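K.L.:
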Amino acid sequence: MICAYYNNGYCNSPIAPKKDVTSRLCFSNFRKCQYFGEVIEVKELNLRQKVKSDCPYFLLKDQGGEYVPFCRVLNFRITESQAANCSLHWQSCPLRELAEVG
Numbered sequence: 001m002i003c004a005y006y007n008n009g010y011c012n013s014p015i016a017p018k019k020d021v022t023s024r025l026c027f028s029n030f031r032k033c034q035y036f037g038e039v040i041e042v043k044e045l046n047l048r049q050k051v052k053s054d055c056p057y058f059l060l061k062d063q064g065g066e067y068v069p070f071c072r073v074l075n076f077r078i079t080e081s082q083a084a085n086c087s088l089h090w091q092s093c094p095l096r097e098l099a100e101v102g
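Following this line, the structure appears as structure tokens:
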């Protein structure tokens with residue numbers, strides 16, 4: 001299993017790394033990394049209503065009647081306000097534009 005905070009060669013841990021993070025640890029025993037924190041589920045951040053977006057990078061995960069908005073470009077969950085923006089303004093989203101260029 002790969003560390004949830006390791007993405008495209010970079011450590012995205014909420015604890016700011018002071019040294020270079022080695023992929024050797026990220027791809028193996030990442031729980032020993034000082035920058036890893038167990039992922040906890042915070043139900044208060046889940047949406048109670050479905051949000052629809054035509055963005056191909058938007059994903060809404062059903063968690064038993066609550067919904068978790070997820071951005072495939074960021075490979076991360078997004079907030080309620082970000083999900084609303086993704087629903088209304090997905091065509092001008094800079095993340096989508098970057099994903100399609102790269």
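Counting in the UniProt record's numbering, the sequence shown runs from 1 upward without gaps. By construction, the Cβ of each residue, glycine as well, lies at the ideal position given by its N, Cα and C atoms. Keep in mind that this is a model prediction, so the values were computed, not measured.
Does DSSP classify Arg24 as helix, strand or coil?
P.N.:
helix
K.L.:
What span of residues does the alpha helix (DSSP H) with Leu60 cover, start to end?
P.N.:
Per DSSP, Leu60 belongs to no alpha helix (DSSP H); it is in the beta strand (DSSP E), 58 to 62.
K.L.:
Please state if the CB of Trp90 and the CB of Phe58 are separated by a distance shorter than 9 Å.
P.N.:
Yes.
K.L.:
Quick check: what's the CA-CA separation for Leu74 versus Ser92?
P.N.:
About 16 Å.
K.L.:
List the endpoints of the continuous alpha helix (DSSP H) containing Pro94.
P.N.:
94 to 101
K.L.:
Go to Cys71, then tell me how far its beta strand (DSSP E) extends in each direction, as first and last residue.
P.N.:
67 to 71
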